[in-house]
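J.: Under our numbering, the first residue of the sequence shown carries the number 1, and numbering increases by one thereafter.
Next up is a structure, given as structure tokens.
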Amino acid sequence: MKKQPLSIFTRRRFFLALLFLSLFLPLSSPAETELPDEPTEIRIGVLALRGKEICLDQWNATAQYLTRKIPGHTFTIVPLDFDEIGRAVEKKQVHFTITNSSMYVSLEAHFGNTRIATMKTDTLGMGLTKFGGVLFCRSDRDDIQSINDLKGQRFMAVDNKSFGGWHMAWRHLLDHGIEPDRDFKSFTTGGTHDAVVMAVLNKTVDAGTVRTSTLEQMAMEGKITLHQFRVLDDKIGTSSDFNLMHTTVLYPEWPFAKLSHTDEELARDVVVALLQLQPTDKAARVANMMGWTIPLDYQSVHDCLKKIKFDPYDVEEEMTFQQLLHGYWPWFSGALLLLVLICGGSLYFIALNRRLRMTMTVLDHELAQRSRIEKNLNEFKVTLDQIMDCVFMFLPDSLRFIYINQGGIQQIGYTMEELFTMTPIDLKPEFTEDSFRTLIKPLLDGTRKSLTFTTIHQAKNGNRFPVEIFLQYVQPTGDTGRFVAIVRDITQRLTEAKEREKLQSQLLHTQKLESVGQLAAGIAHEINTPTQYIGTNIDFLEDGFKELATLMTAYQRLLTAEKDHTVTAELLQEVDEIQENTDWEYLAQELPLAISQSKDGVHRISTIVRAMKEFSHPGSKEKAPLAINDLIKTTLTISHSEWKYVADVETDLADNLPQISCLSDEMGQVFLNLLINAAHAIASWLGENPKGEKGRITISTRSLESQVEIRLTDTGCGIPGEILERIFDPFFTTKEVGKGTGQGLAIARDVIVNKHGGTLEVESKEGHGATFIIRLPIKPA
1 MKKQPLSIFT
11 RRRFFLALLF
21 LSLFLPLSSP
31 AETELPDEPT
41 EIRIGVLALR
51 GKEICLDQWN
61 ATAQYLTRKI
71 PGHTFTIVPL
81 DFDEIGRAVE
91 KKQVHFTITN
101 SSMYVSLEAH
111 FGNTRIATMK
121 TDTLGMGLTK
131 FGGVLFCRSD
141 RDDIQSINDL
151 KGQRFMAVDN
161 KSFGGWHMAW
171 RHLLDHGIEP
181 DRDFKSFTTG
191 GTHDAVVMAV
201 LNKTVDAGTV
211 RTSTLEQMAM
221 EGKITLHQFR
231 VLDDKIGTSS
241 DFNLMHTTVL
251 YPEWPFAKLS
261 HTDEELARDV
271 VVALLQLQPT
281 DKAARVANMM
291 GWTIPLDYQS
301 VHDCLKKIKF
311 DPYDVEEEMT
321 FQQLLHGYWP
331 WFSGALLLLV
341 LICGGSLYFI
351 ALNRRLRMTM
361 TVLDHELAQR
371 SRIEKNLNEF
381 KVTLDQIMDC
391 VFMFLPDSLR
401 FIYINQGGIQ
411 QIGYTMEELF
421 TMTPIDLKPE
431 FTEDSFRTLI
441 KPLLDGTRKS
451 LTFTTIHQAK
461 NGNRFPVEIF
471 LQYVQPTGDT
481 GRFVAIVRDI
491 TQRLTEAKER
501 EKLQSQLLHT
511 QKLESVGQLA
521 AGIAHEINTP
531 TQYIGTNIDF
541 LEDGFKELAT
551 LMTAYQRLLT
561 AEKDHTVTAE
571 LLQEVDEIQE
581 NTDWEYLAQE
591 LPLAISQSKD
601 GVHRISTIVR
611 AMKEFSHPGS
621 KEKAPLAIND
631 LIKTTLTISH
641 SEWKYVADVE
651 TDLADNLPQI
661 SCLSDEMGQV
671 FLNLLINAAH
681 AIASWLGENP
691 KGEKGRITIS
701 TRSLESQVEI
711 RLTDTGCGIP
721 GEILERIFDP
731 FFTTKEVGKG
741 TGQGLAIARD
751 VIVNKHGGTL
761 EVESKEGHGA
771 TFIIRLPIKP
781 A
């Protein structure tokens, strides 16, 4: 994989041979190897990775572009392989080079090449000036999750000389303590990036490395799908200007470099032309790039080649003491061992007598220690047998029980001998072996330290009961691992929880009825007012009907007389007097108004009664979709008498608000508590209020991404900072005795947070009112 450095003596012999040849062999004519000082033909040496014909097809357009941009010079492309490009630069057969980053660093070190531009590649529609290496495996290889898991695996790179297809990954492996020669099961090269990807996909090798964009490009071409692979140590997203999967650090793309003998003015003209190249130009399109940019810093490439000791950093360094020790450690070890044997032999007989004397003392101490250990083990076993919880131990492979304390035996009714032939599956009817192994797999993998879950245990007599299990995987030093389960019967706990839930539900309903009772006087007044003007209007309608009936009777007599031709002056005078007394114009104006007012009164009473019925009726124990805006309007109707004298209510309810799955009666109680609290806070702030001033309560709703938000703001007295964190505590209140139990906000928080998975927050400053913010999930928790 890496080039072997020549020894010092080999290099000296090589230089002497060169000196000998230079003295005795005829030199070539400079005209045959070097270019003229002022060439009209400018030759660009390009590293041909995919063959010389493809290289010419890819770069001839660039030569033609430069020829057009720089008059007086004709640019041509000289395709060169890895071995040819160094000789061409050394013999000055080209003026410029386009090579990969590592080859440029080698030419820079050996021949003084200077980069003048860096390529901006067209990578999946992105113009990138950097690239990196991707180390990857199949996504179904659970045993390969990180770089460290590559030890002992079959690995494939593109080529030993490929910078993006091997050198970057090689450095990354060394940085993680992996030496390919030592740690890989096998190492091969595929020749092309696509070949490496397909070798991993077809399981020919376990993992591989390619340059960035290879996987994405093959996926776009339909050759693979990205979910078939896992990129190790993927750094995608760590750089805002590089959005491709990559494992290694990023390195600069191919540079355009000038040779040391190339004319400086010509080089400047070339730089200007390259920087003017547009993505739409043919030269950019056929070269699969978007143009050129100013030369980047290639120090990272130097660092990489230094790390892997690749050309130009493959020279042999002076041997340090550590390297000497590493190279000759068998001899040092042998000498040290011999010295130890000599010294040990001298001391052996001296120490033998002392050891014999100490043996009996040590044996006595070990016997005493063994007795103490056995005693402690017995005491520990007795302790486990006496605790109320059940303790089970079982093996990870067979799942067979290896220990059960007396609590476990008494709980399930099996004997110790019977349990030693059983597994946890025999006690858990809700589990199969596969589902149980899936449950405990995170403990074996080390991804979780412990598990706590509830299930059903079945005793020997067939009785089933709920249990809570705390499960751990432990591995004592020098022993095989085993699972330890602490099992607790939670029948009583669940029963008590149901009782608490029942009591809490009763408490909530009681508070609702209490709230309705507190509002009863105001509601009665709300109903009495429309009832009074409905009665007055009915009296008016009755009087008006009598007058109209008298007038209609007179008209009927007049009509009959007209038909019989018996109309008299006395009859006409009588009808005229009745019409004047009836005041028809007044009745025609007031009767419709009285009817309309009566209908409004009936609608008002109906609205109040319906809202009272909806609010006071016990709701369902199951959550159901609910329109929050409708619930707010109903609550405003119920509490109208509480706030109408102290505040004006403004609503900003969002249209098309999503329905929320919730408990309607409990949510209505929350809104009622907050509305009444807001009205009381405003009343407290206004005080005696002889001028009849009012505060303001604002209610708004809106839809967030996954939540519905309800805000209730008042202009009351606000909440002092020192008690702001305590307002949700049960039985905490600042109201006078008899005006509050301190349960309203505590119940509100329990309903919003615990029962609906939402949040309840408050923003307030003393003297500036308060805002309560409710956020409920659109999808049920």
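Quick reminder that beta carbons are idealized off the backbone N, C-alpha and C, glycines included.
For a quick check, are the C-beta atoms of residue 697 and residue 678 less than 8 Å apart?
T.: Going by C-beta atoms, residue 697 is nearer than 8 Å to residue 678.
J.: Spatial neighbours of residue 306 within its chain, please: CB distance less than 7 Å, with the 5 preceding and 5 following residues excluded, ordered by chain position.
T.: Hits under 7 Å: 313.
J.: According to the neighbour-count rule (16 or more other Cβ atoms, all chains shown, within 10 Å of its Cβ), is residue 584 buried or exposed?
T.: Its Cβ having fewer than 16 others within 10 Å, residue 584 is exposed.
J.: Look at the alpha carbon of residue 572 and the alpha carbon of residue 633, and state the distance between them as a whole number of angstroms.
T.: Each residue's alpha carbon lies about 59 Å from the other.
J.: Going by the CB atoms, is the gap between residue 259 and residue 105 shorter than 8 Å?
T.: Contact flag unset, no.
J.: Okay, do the region 214-234 and the region 96-114 touch, 3+ Cβ pairs below 8 Å being the bar?
T.: No contact exists between the region 214-234 and the region 96-114.
J.: In three-state DSSP terms, what is residue 62?
T.: The answer is helix: DSSP assigns residue 62 an H, G or I state.
J.: How big is the Cα-Cα spacing for residue 245 and residue 297?
T.: Using only the alpha carbons, I get a separation of about 22 Å.
J.: Going by the beta-carbon positions, is the gap between residue 213 and residue 118 smaller than 8 Å?
T.: Taking 8 Å as the Cβ cut-off, residue 213 and residue 118 do not qualify as a contacting pair.
J.: If contacts are defined as beta-carbon pairs under 8 Å, then residue 262 and residue 96 qualify, I think. What distance do you get, rounded to the angstrom?
T.: Indeed, because the Cβ distance is near 7 Å, the residues count as touching under 8 Å.
J.: Could you say if the region 406-415 and the region 443-455 meet the contact criterion of at least three C-beta pairs nearer than 8 Å?
T.: Not touching, per the Cβ criterion.
J.: In terms of residues, what are the limits of the beta strand (DSSP E) holding residue 257?
T.: 255-258 is the span of the beta strand (DSSP E), which, as asked, contains residue 257.
J.: Rounded to the nearest angstrom, how far is the Cβ of residue 137 from that of residue 144, given a contact under 8 Å?
T.: Sure, about 5 Å apart at Cβ, within 8 Å.
J.: With respect to the beta strand (DSSP E) encompassing residue 228, which residues constitute its N-terminal and C-terminal limits?
T.: Per DSSP, residue 228 belongs to no beta strand (DSSP E) and is neither H nor E.
J.: Starting from the C-beta of residue 185, find all residues in its chain whose C-beta is less than 7 Å away, skip the five residues before and the five after it, and write them out in chain order.
T.: The answer, listed in chain order, is 152, 153, 154.
J.: In whole angstroms, give me the CA-to-CA distance for residue 112 and residue 284.
T.: Going by the C-alpha atoms only, they are around 28 Å apart.
J.: Helix, strand or coil for residue 684? Go by DSSP, reduced to three states.
T.: Note: residue 684 maps to helix in three-state DSSP.
J.: By the three-class DSSP mapping on this structure, what secondary structure does residue 393 have?
T.: Note: residue 393 maps to strand in three-state DSSP.
J.: Three or more C-beta pairs under 8 Å: does that hold for the region 472-490 against the region 436-453?
T.: The answer is yes - the region 436-453 touches the region 472-490, with three or more Cβ pairs under 8 Å.
J.: Go ahead and label residue 546 buried or exposed: buried means 16 or more other beta carbons lie within 10 angstroms of its beta carbon, across all protein chains shown.
T.: So residue 546 ends up on the exposed side.
J.: Since residue 700 sits in a beta bridge, which residues does DSSP pair it with?
T.: DSSP lists 652, 711 as partners of residue 700.
J.: When the Cα of residue 59 is compared with those of 286, 265, 703, which residue comes out closest?
T.: The shortest C-alpha separation from residue 59 is found at 286.
J.: Exposed or buried, residue 331, counting other C-beta atoms within 10 Å across all chains shown (16 or more means buried)?
T.: With fewer than 16 other Cβ atoms within 10 Å, it is exposed.
J.: Whose C-beta lies closer than 6 Å to the C-beta of residue 278 among residues of the same chain, with five residues either side of it excluded?
T.: Taken in chain order, the list of residues that qualify is empty.
J.: Check this for me: beta carbons of residue 130 and residue 250, under 8 Å apart or not?
T.: Taking 8 Å as the Cβ cut-off, residue 130 and residue 250 qualify as a contacting pair.
J.: Given 8 Å as the limit, is there contact between the region 61-78 and the region 264-272, that is, 3 or more CB pairs closer than that?
T.: Yes: at least three Cβ pairs fall under 8 Å.
J.: Given a cut-off of 8 Å, decide if residue 56 and residue 257 are closer than it, judged by their beta-carbon atoms.
T.: No, Cβ-Cβ distance for residue 257 and residue 56 is not below 8 Å.
J.: Whose C-beta lies closer than 8 Å to the C-beta of residue 227 among residues of the same chain, with five residues either side of it excluded?
T.: 139, listed in sequence order.
J.: State the Cα-Cα distance for the pair residue 442 and residue 700, rounded to the nearest angstrom.
T.: If you take the alpha carbons of residue 442 and residue 700, they lie about 46 Å apart.
J.: Start and end of the alpha helix (DSSP H) containing residue 198?
T.: Per DSSP, residue 198 belongs to the alpha helix (DSSP H) from 193-201.
J.: Alpha carbon to alpha carbon, how far is residue 188 from residue 202?
T.: If you take the alpha carbons of residue 188 and residue 202, they lie about 15 Å apart.
J.: With DSSP run on the structure shown, which of helix, strand or coil describes residue 717?
T.: In the structure shown, residue 717 sits in coil (DSSP, three-state: anything other than H, G, I, E or B).
J.: Name the two residues that bound the continuous beta strand (DSSP E) containing residue 120.
T.: Where residue 120 is concerned, the enclosing beta strand (DSSP E) stretches over 114-123.
J.: Cα separation between residue 702 and residue 709?
T.: Answer to the nearest angstrom: the Cα atoms are 5 Å apart.
J.: Check this for me: beta carbons of residue 247 and residue 176, under 8 Å apart or not?
T.: Not in contact: residue 247 and residue 176 (Cβ atoms no closer than 8 Å).
J.: Whole angstroms are fine: how far does the CA of residue 775 sit from the CA of residue 630?
T.: The straight-line gap from Cα to Cα measures roughly 17 Å.
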